[in-house]
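Protein chains in written order, with this note's numbering: chain A, 4 to 307; chain B, 382 to 626.
In this text, a Cβ means the ideal position worked out from N, Cα and C, and glycines have one as well.
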Amino acid sequence: MADLSVDLCGIRLDNPVIPASGTFGYGYEFADYYDIDCLGTFSFKGTTRQPRFGNPQPRIAECTGGMLNAVGLQNPGVDRVISEELPRLAKVFHKPVMANVSGFSVEDYAYTCRKLDEQPQVGWLEVNISCPNVHGGGMIFGTDPDAASSVVRAVKAVTAKPVIVKLTPNVTDIVAMARACEAAGADGISLINTLQAMRIDLRTRRPLLANITGGLSGPAVFPVALRMVYQVSRAVRIPVVGMGGVSSAEDVIEMMLAGASAVEVGAANLADPFACRDIIAALPGTMEKYGIQDLRDIIGGAHG
Amino acid sequence: MEQGIFTVIENAPIAPGTYRMVLACDTPPVTAPGQFVNIRLPGLFLRRPISVCDAEGDRLTLLYKTVGRGTEQMAAMEPGQTLEMLTGLGNGFTLADGGKTPLLVGGGVGAAPLYLLAKKLVAGGARPHVALGFNRADEVFYTERFAALGADVTVATADGSVGVKGLVTDAMAELSYSYVYACGPEAMLRAVWERTEGDGQFSFEARMGCGFGACMGCTRETVNGPRRVCRDGPVFRKEEILWRT
Ligand SMILES: Cc1cc2nc3c(=O)[nH]c(=O)nc-3n(C[C@H](O)[C@H](O)[C@H](O)COP(=O)(O)OP(=O)(O)OC[C@H]3O[C@@H](n4cnc5c(N)ncnc54)[C@H](O)[C@@H]3O)c2cc1C
Ligand SMILES: Cc1cc2nc3c(=O)[nH]c(=O)nc-3n(C[C@H](O)[C@H](O)[C@H](O)COP(=O)(O)O)c2cc1C
Ligand code: FES
């Protein structure tokens, strides 16, 4: 029997497959469709200190091999996530969950992380310093190594749980960002968030998204993501969670060969609600095909 | 929500640029009036949401207008070809509130979900009045089918080539009704909403990432806070609706 289990910052995952933040809600809705306990874990919708409506409509556009979103971090705010969403999740998911957090100031991040740190359901904090769709701050933390370090230090000071910092690909030097986060005390790095992109409606001659730009994700970004996971995982000692365009068991294996200890799946869940269940089911057969007994053996296998 | 593979039985135009597709599935789709399906099409990343026009036994009928790549791909399909889709999506219309003589208002292809609604209302003992708005006489469809269900039908065309000249709301002026069900372009929904004194239910569209509640791509602001068109809608009650100014 193939061994699918991996370790992520000291917590064992039954398999490396993790639905990515923003594509799996707060989880329980997918429990109507399949038993979500089959997942390694999942990362819930980006949560902020205050409730957010997000951006105006339209927020979604399509492109060849993927999609653009400009949801803009719609979420009910950390207090209601704790009082309403997590109790609902507890009924259908019996593993530690990854809490995805966003903010507009260092204090915001620390405030939200401190509250989520108190929740026994939360295994890891995934600190998103990379949302391209919110104005007034958000992304500065992901593009400036000093700003990123200050967020990481502030969050580490308020939690004992592993802190995984989620990076944006919209930078010149992704490795410098990852190194800065590691030096500031991050326990892991996850990447990539979406790539800043846009579409124009030929009929109206105006941008399709009300926000003008949105974040590109889906199969189209896979090679870019893979390259960044490869570069970052060679440069840091902490575990890397790879994502961007993953939609098959082959993609999971390729991400792990590039250096990912675990793999998140985003847009694929939207095109097919059963994507993660089916990827997990396909993993043992795919491992056998490529002569893999234990997934842990292949992490960074392509580094040479 | 369920996932199914459907076989195309019929697929033909019913007006210029508007098609009727009848599909069959091994397991009858569980669906209610006002719900929609989300169709996976080869080569396209996102699914295409289309309202259920009729569902009877193992048969499902969709009406669609060709507006872009996805709907054009659907128009080119032949009987015998298959489509993978998610069914039973959205909340659908609530039948119980409509009373004896509800008014059903449709604009263009927005007429589609009103058909199964009218059918179920008639089965429940009501006598719905259906008011449909189109641009021109040759774009009119489904009026005989609505009449055959036992509904009264009024048509409005923008150019006056058939029925009342003007918008569907002009046709409404001549009708008395206490409850309205509406589906069509947002400008039409708003006009109907503004001239309706009684209660009603309105079915909305939105660009969708998933169609089943996962992505927050389709959210509208309502009186009760943000709501997902795909999961909390597409049907909203009159008193919940907020309009963008
Ligand atoms: C709940 C719901 C029910 C619908 N029911 C019907 C119906 O019964 N008959 C019908 O003809 N049309 C219906 N529509 C609209 C239909 O979904 C779009 O016309 C269709 O998705 C266009 O796809 P395309 O590839 O041809 O166009 P493109 O413009 O090439 O599509 C590009 C992207 O934009 C999206 N999109 C474009 N127009 C719309 C729109 N008006 N609403 C939502 N998404 C859109 C597409 O889904 C796709 O993701 C419904 C929409 C919703 C949300
Ligand atoms: C609709 C949508 C919403 C997203 N929301 C968030 C979010 O709230 N927080 C976050 O860290 N990433 C968010 N993301 C980014 C994804 O988690 C992921 O990093 C990205 O989409 C790349 O993976 P993919 O190509 O598999 O989708 C969102 C992505 C999508 C498509
Ligand atoms: S389209 Fe994804 S939540 Fe409605």
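For residue i, the nearest candidate out of the options (CA to CA)
i, options, result
"F96 (chain A)", "A:P123, A:R156, A:T67 and A:P54", "A:P123"
"C591 (chain B)", "A:T175, A:K98, A:V74 and A:R206", "A:V74"
"F522 (chain B)", "B:G544, B:V503, B:G614 and B:P509", "B:G544"
"G491 (chain B)", "B:M455, B:P430, B:P410 and B:R450", "B:P430"
"V249 (chain A)", "A:L11, A:V20, A:M180 and A:V158", "A:V20"
"L548 (chain B)", "B:A529, B:V561 and B:A512", "B:A512"
"D6 (chain A)", "A:P276, A:I283 and A:E65", "A:I283"
"D580 (chain B)", "B:E453, B:A413 and B:Y562", "B:Y562"
"V154 (chain A)", "A:V166, A:P148, A:R182 and A:V109", "A:V109"
"V100 (chain A)", "A:I14, A:P61, A:D275 and A:V178", "A:I14"
"I177 (chain A)", "A:T26, A:G217, A:A228 and A:A285", "A:A228"
"G288 (chain A)", "A:D147, A:A252, A:L198 and A:R208", "A:A252"
With 16 other Cβ atoms within 10 Å as the buried cut-off, status of residue i
i, result
"E185 (chain A)", "buried"
"C611 (chain B)", "buried"
"W624 (chain B)", "exposed"
"Q296 (chain A)", "exposed"
"D40 (chain A)", "exposed"
"Y293 (chain A)", "exposed"
"N214 (chain A)", "buried"
"I386 (chain B)", "exposed"
"K343 (chain B)", "Not covered by the structure: residue 343 (chain B). The range shown for chain B is 382 to 626."
"N516 (chain B)", "exposed"
"H306 (chain A)", "exposed"
"Q462 (chain B)", "exposed"
"E87 (chain A)", "exposed"
"V255 (chain A)", "buried"
"N605 (chain B)", "exposed"
"A160 (chain A)", "exposed"
"K94 (chain A)", "exposed"
"S105 (chain A)", "buried"
"V448 (chain B)", "exposed"
"D35 (chain A)", "exposed"
"D275 (chain A)", "buried"
"V130 (chain A)", "buried"
"V411 (chain B)", "exposed"
Straight-line gap, residue i to residue j (C-alpha atoms, nearest Å)
i, j, result
"T468 (chain B)", "N419 (chain B)", "7 Å"
"G415 (chain B)", "L498 (chain B)", "7 Å"
"E391 (chain B)", "E578 (chain B)", "41 Å"
"D204 (chain A)", "T162 (chain A)", "46 Å"
"G471 (chain B)", "E459 (chain B)", "28 Å"
"E602 (chain B)", "R618 (chain B)", "13 Å"
"Q77 (chain A)", "G488 (chain B)", "31 Å"
"R52 (chain A)", "L16 (chain A)", "28 Å"
"I195 (chain A)", "W127 (chain A)", "17 Å"
"I143 (chain A)", "G479 (chain B)", "53 Å"
"G506 (chain B)", "P54 (chain A)", "45 Å"
"L260 (chain A)", "V243 (chain A)", "12 Å"
"I241 (chain A)", "V232 (chain A)", "12 Å"
"T175 (chain A)", "C279 (chain A)", "31 Å"
"M382 (chain B)", "F45 (chain A)", "21 Å"
"Y2 (chain A)", "E32 (chain A)", "Given a span of 4 to 307 for chain A in the structure shown, any question on residue 2 (chain A) remains unanswerable."
"L476 (chain B)", "P509 (chain B)", "11 Å"
"R299 (chain A)", "R421 (chain B)", "35 Å"
"R705 (chain B)", "C12 (chain A)", "Coverage of chain B is limited to positions 382 through 626, which leaves residue 705 (chain B) absent and any answer about it impossible."
"T524 (chain B)", "T535 (chain B)", "8 Å"
"R62 (chain A)", "L212 (chain A)", "6 Å"
"M329 (chain B)", "A396 (chain B)", "Because chain B in this structure spans residues 382 to 626, residue 329 (chain B) falls outside the shown range and cannot be described."
"D551 (chain B)", "A528 (chain B)", "20 Å"
Residue-chain proximity (residue i, chain A), Cβ-Cβ < 9 Å
i, result
"L467 (chain B)", "yes"
"E437 (chain B)", "no"
"L623 (chain B)", "no"
"P607 (chain B)", "yes"
"F593 (chain B)", "yes"
"R571 (chain B)", "no"
"A587 (chain B)", "yes"
Residue-chain proximity (residue i, chain B), Cβ-Cβ < 9 Å
i, result
"R62 (chain A)", "yes"
"M70 (chain A)", "yes"
"Y36 (chain A)", "yes"
"E308 (chain A)", "There is simply no residue 308 (chain A) to check, as chain A begins at 4 and stops at 307 in what is shown."
"V74 (chain A)", "yes"
"N272 (chain A)", "yes"
**Q.** Environment of ligand 1 in chain order, Cβ to heavy atom below 5 Å
**A.** The set of residues whose C-beta lies within less than 5 Å of a heavy atom of ligand 1 reads, in chain order, A:E65, B:F417, B:L427, B:R429, B:P430, B:I431, B:S432, B:Y445, B:K446, B:V448, B:G449, B:R450, B:G451, B:T452, B:V490, B:A493, B:E586, B:R588 and B:P615.
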